[in-house]
Amino acid sequence: MVFLSRILRVEVCKQSLLTLRKTTGHSFQHCKKALEQTENDLSKAVGWLETKALEEGWTKLERTGGRAAHQGVLAMAGRGSNLVAVTEISCETDFVSRNAELRDFAHGVSETIWQEARNENSSSVTKARTLPWEKIAKLVLNGQSVEDGRARLVTKVGENVSFRQSVLVTAGEGERLAASCHPDVFFGKYGAVVVYKGGDDEIADKVCRHIIGMKPSSIGKVEDLHKKLEKRDAIEEVQANSSKELTLENLDEDAGEAVPAEQNKDNEERLLLQDFVFDPDTTVGELLQENDMEITKFWRLECAHEVVENKD
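Numbering-wise, the sequence shown is residues 1 to 312 according to UniProt numbering.
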């Protein structure tokens, strides 16, 4: 029997070994053992590996579970509808965060959450809610629980893969949603969701990307925007009749009025007052006014950080 076992190991089909390795992503050693155990039957070998992977995955979860997972990916589902789900799946390294299987898993979890929420959704008011892992883990993804899928993924990538957060945003009656991730609209380390009225989808999408890049903490007030624009117009008028170079800061100094540091151009955190990232000659507020558009709520997401919701 020992002699026959050695012959089987020697006669493992190289092409089957390569195919199994490419199909499953498991090590050559495990694939070879699978073919030995199943006498080169690829279908049975895949099943054998899946069973072993799940068993070993639980062991690997115990080994990797305590390790820090500061990298990851955001995945979005429902873009273009009145319900959006954004899910963050964490891992240990940037290399694994760009792994196609990790991204597919994150996207699958978001899609599953979105579909589940869409079937339940009957809200007519804007709201955002987070979902607990205990509920998400039991959802079915590709014929298995999300938790089992995570265990298999841990086995394949060899890192701690964990669920960090999932946010569901619903647009109320008369409102619309825009959502985007970066660098890809569906995947990335950064994301934003905007609730708006009026305008159009293209502008709303650009505002999403502006929020990702410029990190506003609040929407701001229209009256504050008007004050800023009045000061800007005053600067332009004075400069047209003088060689003195003026800024918002020294204009106020001339008037004997101090400008709070948070209102300085470089530190501006109010969305309406920020220079629009795609056209620095105009503010976000001006853009919205020109297109009869209003932002009523926004959320900014970044991997390994808490979700930022506008403070006003």
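Where is the CB? At the ideal position from N, CA and C, for every residue including glycine.
- Segment contact: the region 37 to 51 against the region 127 to 135, fewer than three CB-CB distances shorter than 8 Å; contact not assigned.
- Judged by beta-carbon spacing, GLY72 lies within the 7 Å limit of CYS91, meaning their Cβ atoms are closer than that value.
- Annotation: the continuous beta strand (DSSP E) that includes GLY191 extends over 187 to 198.
- When secondary structure is reduced to three states using DSSP, GLN71 falls in the strand class.
- In terms of Cα proximity to LEU301, the closest of ALA240, SER166 and VAL12 is SER166.
- Residue range 100 to 120 is occupied by the alpha helix (DSSP H) that includes LEU102, with no beta strand (DSSP E) assigned at that position.
- Boundaries of the beta strand (DSSP E) around SER90: 83 to 91.
- Taking C-beta atoms under 8 Å as the contact rule, LYS32 and LEU17 qualify, at a distance of about 6 Å.
- With respect to ASP205, SER180 sits close: the two C-beta atoms are nearer than 7 Å.
- If you ignore the 5 residues before and after LEU139, its C-beta comes within less than 6 Å of the C-beta of THR112 and VAL146, all in its own chain and listed in chain order.
- The residue from LEU287, ARG118, THR283 and GLY149 with its alpha-carbon nearest to that of VAL161 is GLY149.
- A straight line joining the alpha-carbon of ALA171 with that of GLU268 spans about 27 Å.
- Nearest C-alpha to LEU177 among GLU286, ASN40, VAL86 and GLY285: VAL86.
- MET76 is the residue among ASP279, MET76 and PHE95 whose C-alpha sits nearest the C-alpha of GLN115.
- At a Cβ-Cβ threshold of 7 Å, THR130 and VAL195 do not count as neighbours.
- Counting the other CB atoms within 10 Å of its CB gives GLY78 a total of 16 or more, which places it among the buried residues.
- Contact between ARG164 and GLU88 holds: CB atoms are separated by about 4 Å, below the 8 Å threshold.
- In the same chain as THR282, and ignoring 5 residues on each side of it, the C-beta atoms closer than 6 Å to its own belong to PHE276, in chain order.
- GLY143 has its alpha-carbon roughly 49 Å from the corresponding atom of PRO280.
- Residues LEU272 and GLY285 of the same chain have their beta carbon placed closer than 8 Å to that of VAL222, with the five preceding and five following residues left out of the count.
- Between VAL96 and VAL154, the CB-CB gap reaches or exceeds 7 Å.
- For ALA234, the uninterrupted alpha helix (DSSP H) run begins and ends at 222 to 240, by DSSP.
- Within the same chain, and ignoring the five residues on either side of MET214 in sequence, the residues whose Cβ sits closer than 7 Å to its Cβ are GLN274 and VAL277.
- Excluding five sequence positions before and after CYS208, the CB atoms of its chain that fall closer than 6 Å to its own CB belong to ALA178, SER180, ALA192 and VAL194, given in chain order.
- Taking C-beta separations shorter than 6 Å and ignoring five residues to either side along the sequence, GLU306 has no partners in its chain.
- In terms of Cβ geometry, ASP312 and ILE219 form a close pair [threshold 7 Å].
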